[in-house]
Structures are given as structure tokens and as C-alpha cells.
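There are 2 protein chains.
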Amino acid sequence: MTLSKKPYKGTRDFFPEEKRIRDYMFSKMKETAELFAYESYDGPLLEEVELYKAKSGEELINDQIYSFNDRGERFVAIRPEMTPTVARMVAQVHREVSKPIRWYSIPNLYRYERPQKGRLREHWQFNVDVFGAPEVLGELEIIQLGIKLMQSFGANSNHFEILINDRAIVDKVFKELLKCSEDECYKLYKLVDRSKKLDKEKFTTQINETTLNDEAKLIFNEYLALNSIESLKNFLTKNSIDEKSIELISLDEKLKDLGLSDYVVFDPTIVRGLDYYTGIVFEIFDKNPENRRAICGGGSYANILKIFNEPSLPGVGFGLGDVTLKDFLKTHNLLPDFSSPKVDIILTTQDETGLNSLLNLAHSLRSNGISVFTQLEPLKIKKVFTLADKKGASFAALLGTQEIQDGLVQIKNLSTKDQKEFKIDSIDEIKGYLA
Amino acid sequence: MTLSKKPYKGTRDFFPEEKRIRDYMFSKMKETAELFAYESYDGPLLEEVELYKAKSGEELINDQIYSFNDRGERFVAIRPEMTPTVARMVAQVHREVSKPIRWYSIPNLYRYERPQKGRLREHWQFNVDVFGAPEVLGELEIIQLGIKLMQSFGANSNHFEILINDRAIVDKVFKELLKCSEDECYKLYKLVDRSKKLDKEKFTTQINETTLNDEAKLIFNEYLALNSIESLKNFLTKNSIDEKSIELISLDEKLKDLGLSDYVVFDPTIVRGLDYYTGIVFEIFDKNPENRRAICGGGSYANILKIFNEPSLPGVGFGLGDVTLKDFLKTHNLLPDFSSPKVDIILTTQDETGLNSLLNLAHSLRSNGISVFTQLEPLKIKKVFTLADKKGASFAALLGTQEIQDGLVQIKNLSTKDQKEFKIDSIDEIKGYLA
């Protein structure tokens with residue numbers, strides 16, 4: 004049997020071009036996080052399964068997690084998400100460090116699922132979280148950071164929008180207006196969460212299958228029809244819900260203050276699953292009609308530290324995956340060309356007696372911080388420039404038979420086409436020419 | 004039961020300070036690899052176990068690997084090393100790309116072992132490999148790159164040395180001089196590989212337990228006593244082995260040419276285990292008598308593509324782990340201080356009415372590429388500078404009650420102690436002051 008050359012199902016080999024694309028996306032994440040003074044952290048790839056159970060309950064564990072017993076009978080999992088890890092880490096230090104705690108990471112995550120567009124078994128996810136920020140300000144900052152990240156790729160409000168909601172509103176609607184029990188609330192949450200994926204007819208059928216009475220159904224449909232903060236405000240007033248109890252209203256004002264309201268759209272169907280969110284929830288959504296999907300999801304969660312018996316500390320954060328981000332950038336033609344690497348100079352010799360000179364020159368240049376691609380076998384001049392182009396070189400050095408004899412080297416600036424001759428040991432002059 | 008806050012056994016949480024140290028080490032790896040025009044790649048964290056079996060045989064698989072069946076009954080492992088992955092990837096593309104192929108990566112790897120100094124279950128490893136380089140030149144380049152990396156941390160020949168050997172010599176000694184069978188060779192390899200860990204007496208006992216006759220034992224001991232290329236050359240001549248058949252001899256000359264021979268020491272006991280190496284093998288070794296250990300191991304291997312039924316393509320590479328590197332840097336006091344993060348400016352208000360001004364100023368500064376730490380709750384002036392110091396800020400901005408009323412902000416240069424007042428909306432002027 005021949006050994007397969009393919010990567011394991013649902014994972015990717017990052018050949019240099021793909022890796023440069025990934026590095027580019029990651030560098031923007033890092034730069035953006037650091038603009039906001041978020042500090043980088045990382046945790047282990049393996050965690051004990053208990054941690055995920057405590058945070059998410061049994062459902063996720065049984066379904067999608069890569070879990071196994073280690074040789075010491077510890078039941079462990081490859082991390083499917085970063086939040087439990089960051090919560091575990093914050094739980095260790097939150098008493099000693101000043102608030103807010105602002106952290107980011109770009110971990111790889113594993114979920115066992117059928118590979119499809121935008122979903123793979125292994126992906127990387129930019130995670131930013133702020134813990135212990137004053138009310139609304141954490142949410143504001145995290146959303147600003149999300150917008151700034153997208154802008155750093157050249158995207159603007161033509162390309163993406165932020166769909167936003169507040170679980171406090173949903174809770175009030177379900178519990179106070181519809182008078183739902185916990186059980187009914189749970190079912191409605193599930194229904195709302197799936198509403199974008201269901202067609203209208205199916206959705207209506209499913210509403211009709213709930214225990215809601217006619218009046219409640221009316222209110223529910225009215226809620227689902229809201230499409231702006233203005234309409235939400237009217238809805239709240241009409242149903243005697245105090246605006247001041249809703250953080251989303253004051254967040255919206257702060258976003259307006261910063262001129263960011265163009266990006267943000269109220270969406271009553273955003274609830275972010277049955278997850279641990281407790282307040283504002285949002286998704287960065289692609290506006291391209293052919294790629295209508297979430298690039299990122301996040302929100303605020305008050306109780307994550309409770310699983311460690313720690314006092315609650317409000318957290319806000321989001322996760323943004325590399326697979327969906329790359330799809331987004333490609334769809335909108337925002338991905339620069341990464342087909343070639345970059346190097347300062349390529350050194351070639353046209354005569355094998357030049358090899359020692361070439362190695363010595365490369366060594367000296369590198370000692371001066373100049374990146375060098377060495378062609379280790381003689382190369383005809385006409386092939387030098389094709390190779391230089393493929394290797395992304397800014398300059399090409401030629402060592403022909405005559406040059407080698409005379410201790411010289413020809414260096415060509417590949418963008419200006421200017422060419423100059425140097426003594427091969429005049430490193431300072433060569434360095435000046437390359438600068 | 005309370006949930007544990009500790010990371011899984013043998014793994015680490017990278018809190019920001021530790022993460023900055025790791026980032027520093029990785030950035031030097033990246034810079035050095037790119038000085039030599041090596042391109043970055045990455046592969047999946049999981050590979051099918053077959054891949055490791057094909058490369059290393061059953062021993063490693065049973066002992067130390069994290070392996071399990073996925074839900075589709077594929078037998079997979081968390082990568083314990085990168086070489087099989089890079090070989091698999093090279094096997095996919097080597098026919099289409101120009102040689103040499105120069106690649107690097109910094110993957111995290113897992114081995115199930117008892118955690119101890121320098122050995123953890125999860126570590127990161129800098130991997131550099133060159134495929135298809137002409138004889139000796141790949142080895143030369145990889146060793147140069149290793150030296151350059153160590154130099155990039157401020158290390159020199161007082162701190163480390165490269166212990167080097169050539170499996171071709173070992174093979175000739177075992178097979179031609181000692182006339183060993185395959186089986187005996189295998190046992191001797193194991194013995195030589197362990198020789199540094201055994202005390203002299205135990206080692207002698209174990210030699211006596213071999214089937215070597217007295218003459219062979221004499222030659223074997225003579226070989227083990229070699230301590231320089233000169234002594235090796237004499238040994239080869241005495242035993243009628245042609246120097247030209249030994250790559251290490253010509254490698255040594257090239258290293259001399261480049262002025263690198265100070266770093267390199269011939270060591271007859273370096274064989275790099277029973278691994279897949281076929282030619283030159285080496286270790287970067289700490290010279291500190293209290294930390295005598297390998298920081299890095301590598302060498303050349305001719306046959307790795309054969310497991311994919313591909314024609315052989317010579318490869319040379321090394322792996323250098325983050326745990327041992329950090330120990331080395333600490334031992335020699337070569338690790339800079341990473342206790343604080345870095346940020347351009349910290350914005351503080353001494354009066355809560357200043358919050359909106361502060362948020363707006365932060366927003367404008369960030370839009371100009373300036374990194375900003377915002378203190379979201381009013382802070383007394385005397386506490387500002389302690390916080391600024393802790394956050395690694397270069398400047399601190401103060402918004403007191405009077406400034407807020409007047410639309411002004413005080414900005415202090417924290418290194419020169421110079422302080423200046425600005426209109427809060429004069430972003431260009433502020434930007435100029437911060438530059």
C-alpha cells in the first residue's frame with residue numbers, strides 16, 4: 004500500500020503561498036489588537052474534557068469534539084474553541100491584575116464535522132476578549148476592534164455589516180411579554196437562532212407548533228420584524244419596557260458618537276445559539292448577496308468564571324475564523340497577491356568556479372541583515388531573471404567567468420533595471436546600493 | 004468538585020509575559036530563516052498514524068505518541084515531529100518546483116512523556132529543511148543558519164558549540180573496520196548514542212558485553228577518543244579510508260572558509276539515535292557546564308521521500324525546541340526583559356465627564372496607527388504614571404476637569420518627562436508630538 008500524500012480529512016497543508024496569506028491575515032489581527040493595547044496569550048492545545056462540559060454542557064462534547072483518553076487515563080480534548088481556556092487562565096490571575104484585562108490569541112481549533120465551504124475540521128480563530136470593563140464600554144471597544152480589523156484589510160461598510168442584538172431584550176420579550184416558561188424560552192431561542200436558515204413557510208409552521216397563544220404569536224412576529232434601533236425603541240415603548248434597562252440602546256449612542264453607526268444594524272434574530280452569552284450579541288456579516296454569512300460572532304458573557312467558583316467578572320469578546328475571513332477577502336477581491344516570496348537579492352554564478360565567492364558574498368550580506376537567495380548551481384544569464392522574479396528578489400547579482408577572475412560582481416536593480424559593478428569584497432558599497 | 008484552573012499536565016499557559024518571550028524567540032527564527040530565503044509553511048496538527056509508522060517504525064508509535072481513533076475510525080495522531088509532514092508535502096510538489104526547496108516552520112508538537120527540565124508534553128519546534136541542494140552545500144547552509152540564529156540572540160562561541168559527526172564515518176568504522184553484522188551495528192549505534200549519558204565504567208562494561216574481539220574493541224575505543232577533525236583525518240589515513248569519501252571533511256573546509264570553524268567540534272558520539280539520518284549529523288550544544296545539553300539536533304537524510312514511493316531527494320534540516328532554547332537563553336542571561344507590554348500612549352481621565360472625549364481621542368489616534376491603552380474609569384493623577392509604566396506606555400495623556408471644560412489634553416513624554424498641552428481635536432499636532 005502506498006502512503007497517502009494528502010493531509011488528514013478536513014485539514015489543510017499550508018504551502019508557502021497559502022502560508023503567506025495566513026501570515027498576512029494574522030499580522031493584521033495582531034496589529035489591530037495591539038492598536039487597542041490587547042496583549043497576546045496562548046494556552047495548550049489539549050484541555051481536560053471537564054472544562055468544556057462545565058462551559059457548554061454535554062451536547063457539544065458528544066457531538067463534535069475530538070476527545071480521547073491519554074495513557075494516564077485523563078480524558079482530554081483538542082480545543083474546539085478558546086473561550087474555556089481563556090476563562091481558565093483569567094480565573095488564575097484576575098485577583099492580582101488591574102482591570103480591564105485585554106487579551107487576544109490566534110489558536111488553531113478542531114471540530115469533528117463534515118468538511119464544507121467555510122467549515123473545516125481544523126481552523127484558526129482570532130479571539131479577543133476584555134474582562135472587567137465598565138458597562139457598555141467593553142462591548143463598544145470589542146465592536147470597534149472588529150470594525151478596525153475589517154478596515155485593515157481594506158473592507159468598509161459596502162462589504163460588511165455588524166448585525167447586533169441584546170439577549171436582555173430577547174429575555175424580556177420571551178419572559179415578560181410572551182410569558183414563556185424556561186422550557187418554552189429554550190425552544191424559542193433555538194427557533195430564533197435557526198430562523199435565517201429556515202424558509203418562511205417552515206418557520207411559520209414551527210411557530211405554530213409552539214405553545215404560544217395568538218396574542219403572543221403576534222408580539223413574537225412583531226419582534227422578529229424589527230429592523231432598526233428606531234423600530235426597536237418604538238417596540239420597547241409600546242410594550243412599556245424601560246430603554247435604560249437595555250444596554251444596546253446606550254451602545255448605539257456611543258457608536259453614533261464615534262461615527263460607526265453605518266456599520267451596525269439591529270437584527271432581532273441574532274442570539275448566538277444557546278451559548279453562554281448574557282447581554283449584547285453580534286455577528287460580522289458579509290454583505291455580498293452570494294456570500295451572506297457570518298465572518299465572526301461575539302458578545303458579552305457575565306458568568307464564565309463561575310465554573311471555577313470565582314466571583315463573576317463581565318467579559319466581552321469575539322472569535323473570527325481564518326477560513327471564513329479568507330472567503331470574505333477573496334469574494335471582495337481584497338486579498339493581495341502572495342504568489343511570490345520576498346528576498347533582497349538573489350546571487351547566481353555562471354561558472355562553477357564562482358561558488359566559493361558566491362558563498363562568501365552571501366555570508367557577508369546576511370551578516371549585514373540582507374536576505375539572500377543563493378543559486379547553488381551555475382545558471383545561464385537568461386534564466387537568472389525568471390528565477391529572480393519567481394523568488395521575489397529586488398536585486399540580482401551575477402558572477403560570470405570574467406567577474407570571478409577579476410574579483411567583481413554585477414548587481415542589477417530589478418525594478419529600475421539599473422546595473423552596477425562592484426568589487427566583491429566592498430560590502431559597504433554593495434549594501435548602500437541595495438538600501 | 005471544583006474545576007481545575009491548571010493547564011493539562013506537561014503543557015503551559017502562556018500569560019502575556021511568557022507569550023512575549025515566545026514571540027521574541029519565534030521572530031528571531033523567522034528573521035533568520037528569511038535571511039536565508041527559506042519560506043514558511045505549515046501542516047495540520049493531526050496526521051494519520053501510518054505516516055509516523057512509515058518513517059520511524061513501531062517503537063515511537065507505541066511509546067510516546069498521542070494517537071486515537073477519530074469518529075470515522077481513522078487512526079490519527081497529534082504530530083510528535085514535523086519531518087514526516089514536511090516530507091509528505093514535499094512529496095506532493097517536488098516534481099514541479101525548482102531545487103533547492105528551502106522551507107521552515109514553527110509547529111507545536113506533542114509527546115507523551117514524564118515532564119522534566121527541558122522536556123514537556125507540548126513544545127514548539129523551529130524546523131528548517133533544504134531539499135535537493137548539491138552535496139555538502141545543504142549541510143553547510145543549514146549549519147550556517149543554526150549559527151546565525153544563535154547569534155541573533157547575542158550568543159557566540161563562548162556560549163554554544165556545534166558537535167558534528169558523519170554517519171558515513173560511523174558506518175565505515177562499524178562495517179569495514181569492526182566487521183559488524185547489521186545486528187551488531189544496530190546495537191553499537193544504540194550504545195554510542197547513549198554514551199554521553201552512561202558513566203565510563205558502565206560504558207566499558209557494555210562494550211565488553213558486545214561480540215567485538217579485542218582488536219575491534221581497540222579500534223572502537225580509538226574511534227571514540229577522536230576529538231578534532233585533525234585526529235579524525237589521521238585515523239582515516241591510518242585505517243586506509245579515503246578522505247574524499249567523507250563529506251564531513253569537505254564541509255569542514257567550507258566552514259573554515261567562512262570563518263565558522265570556531266563553532267564546530269568533531270564528536271564521534273553524535274549519531275542522532277537510530278533515526279533516519281544518512282550523512283552528516285550535528286547538535287547545537289550548550290557550553291555552560293551546568294547546562295550541558297543539546298539545544299538542537301539535525302543532519303542530512305537521503306531517503307525520506309521513499310516512503311511515498313517517490314525517487315530519493317536529499318534533505319538536510321534541524322529541529323530546535325522552544326523549551327531548551329529558553330533555558331539556554333536564561334542560563335546565559337541573553338533574554339531581554341519582557342515584563343511589560345508596549346503601547347504608544349495611555350489615555351486617562353481624572354473626571355468621569357471626560358470619558359466621551361477620551362473615547363473620541365482614542366478612536367482618532369488609532370485611525371492614525373497609534374496604539375492606545377484607554378483607562379476607562381477616572382484615575383487620580385498620581386496613579387497614572389504607575390499604570391503607564393506597567394502598560395509600557397511611551398506617553399501618557401491626562402484629561403482633568405479643567406482640560407475637559409477647555410477641550411484640551413495634557414500629554415507627557417514619559418522618557419523625557421516633557422509635557423505639552425494640545426487642543427483635543429488637533430490630531431495632527433498630537434501625532435507629531437508622539438512620533
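Top line first, the protein sequences correspond to chains A and B. Residue numbers for the first sequence follow the numbering used here, so the first one is 4 and each next one is one higher. Residue numbers for the second sequence follow the numbering used here, so the first one is 4 and each next one is one higher. Glycine included, every Cβ here is placed at the ideal spot set by N, Cα and C. All values derive from a computational prediction rather than experimental measurement.
Three-state secondary structure (DSSP) of residue i
i, result
"histidine 366 of chain A", "helix"
"threonine 356 of chain A", "helix"
"cysteine 188 of chain A", "helix"
"valine 52 of chain A", "helix"
"tyrosine 27 of chain A", "helix"
"tyrosine 304 of chain B", "strand"
"phenylalanine 269 of chain A", "strand"
"glutamine 378 of chain A", "coil"
"threonine 334 of chain B", "helix"
"valine 133 of chain A", "strand"
"phenylalanine 177 of chain A", "helix"
"asparagine 111 of chain B", "strand"
"lysine 426 of chain B", "strand"
"phenylalanine 39 of chain B", "coil"
"alanine 219 of chain B", "helix"
"aspartate 347 of chain A", "strand"
"glutamate 125 of chain B", "strand"
"aspartate 421 of chain A", "coil"
Alpha-carbon to alpha-carbon, residue j and residue i
i, j, result
"glycine 301 of chain B", "aspartate 169 of chain B", "11 angstroms"
"serine 397 of chain A", "isoleucine 249 of chain B", "38 angstroms"
"isoleucine 307 of chain B", "histidine 366 of chain A", "29 angstroms"
"threonine 327 of chain B", "lysine 333 of chain B", "10 angstroms"
"isoleucine 244 of chain A", "phenylalanine 177 of chain A", "13 angstroms"
"tryptophan 127 of chain B", "leucine 379 of chain B", "37 angstroms"
"leucine 229 of chain A", "glutamate 293 of chain A", "24 angstroms"
"aspartate 186 of chain A", "lysine 220 of chain A", "17 angstroms"
"leucine 180 of chain B", "asparagine 242 of chain B", "8 angstroms"
"aspartate 354 of chain B", "threonine 404 of chain B", "6 angstroms"
"phenylalanine 163 of chain B", "leucine 337 of chain B", "13 angstroms"
"aspartate 392 of chain B", "serine 231 of chain A", "43 angstroms"
"leucine 323 of chain A", "methionine 92 of chain A", "20 angstroms"
"glutamate 204 of chain A", "cysteine 188 of chain A", "21 angstroms"
Inter-residue CB distance, residue i and residue j (contact presumed, cutoff 8 angstroms)
i, j, result
"arginine 74 of chain A", "tyrosine 115 of chain B", "5 angstroms"
"tyrosine 44 of chain A", "serine 108 of chain A", "5 angstroms"
"valine 375 of chain A", "leucine 368 of chain A", "5 angstroms"
"glutamate 42 of chain A", "arginine 98 of chain A", "Wrong, their Cβ atoms sit about 18 angstroms apart, outside the cutoff."
"isoleucine 349 of chain A", "lysine 386 of chain A", "At roughly 11 angstroms, the Cβ-Cβ gap does not stay under 8 angstroms, so isoleucine 349 of chain A and lysine 386 of chain A are not in contact."
"glycine 435 of chain B", "arginine 296 of chain B", "Contact flag wrong, Cβ pair sits at about 51 angstroms."
Chain B within 7 angstroms of residue i, Cβ atoms only
i, result
"threonine 352 of chain A", "no"
"asparagine 444 of chain A", "Given that chain A is displayed from residue 4 to residue 438, the structure contains no residue 444 of chain A and the question cannot be resolved."
"glutamate 84 of chain A", "no"
"arginine 117 of chain A", "no"
"tyrosine 226 of chain A", "no"
"tyrosine 11 of chain A", "yes"
"valine 346 of chain A", "yes"
Residue j beta carbon less than 7 angstroms from that of residue i
i, j, result
"aspartate 132 of chain B", "valine 89 of chain B", "yes"
"isoleucine 165 of chain B", "tyrosine 266 of chain B", "yes"
"leucine 254 of chain B", "valine 139 of chain B", "yes"
"valine 284 of chain A", "glutamate 142 of chain A", "no"
"glycine 372 of chain B", "isoleucine 407 of chain B", "no"
"isoleucine 24 of chain B", "phenylalanine 331 of chain B", "no"
"cysteine 299 of chain A", "phenylalanine 321 of chain A", "yes"
"leucine 361 of chain B", "leucine 316 of chain B", "no"
Neighbour flag for residue i against chain D, beta carbons, 7 angstroms
i, result
"leucine 379 of chain A", "Within the model displayed, chain D is absent; protein chains A and B are what it includes."
Below-7 angstroms beta-carbon distance, residue i vs any chain A residue
i, result
"serine 367 of chain B", "no"
"phenylalanine 398 of chain B", "no"
"glycine 282 of chain B", "no"
"threonine 389 of chain B", "no"
"isoleucine 68 of chain B", "no"
"aspartate 16 of chain B", "yes"
"serine 371 of chain B", "Note that residue 371 of chain B is asparagine in the sequence shown, not serine. Not closer than 7 angstroms to any Cβ of chain A, the Cβ of asparagine 371 of chain B fails to qualify, so no."
"lysine 22 of chain B", "yes"
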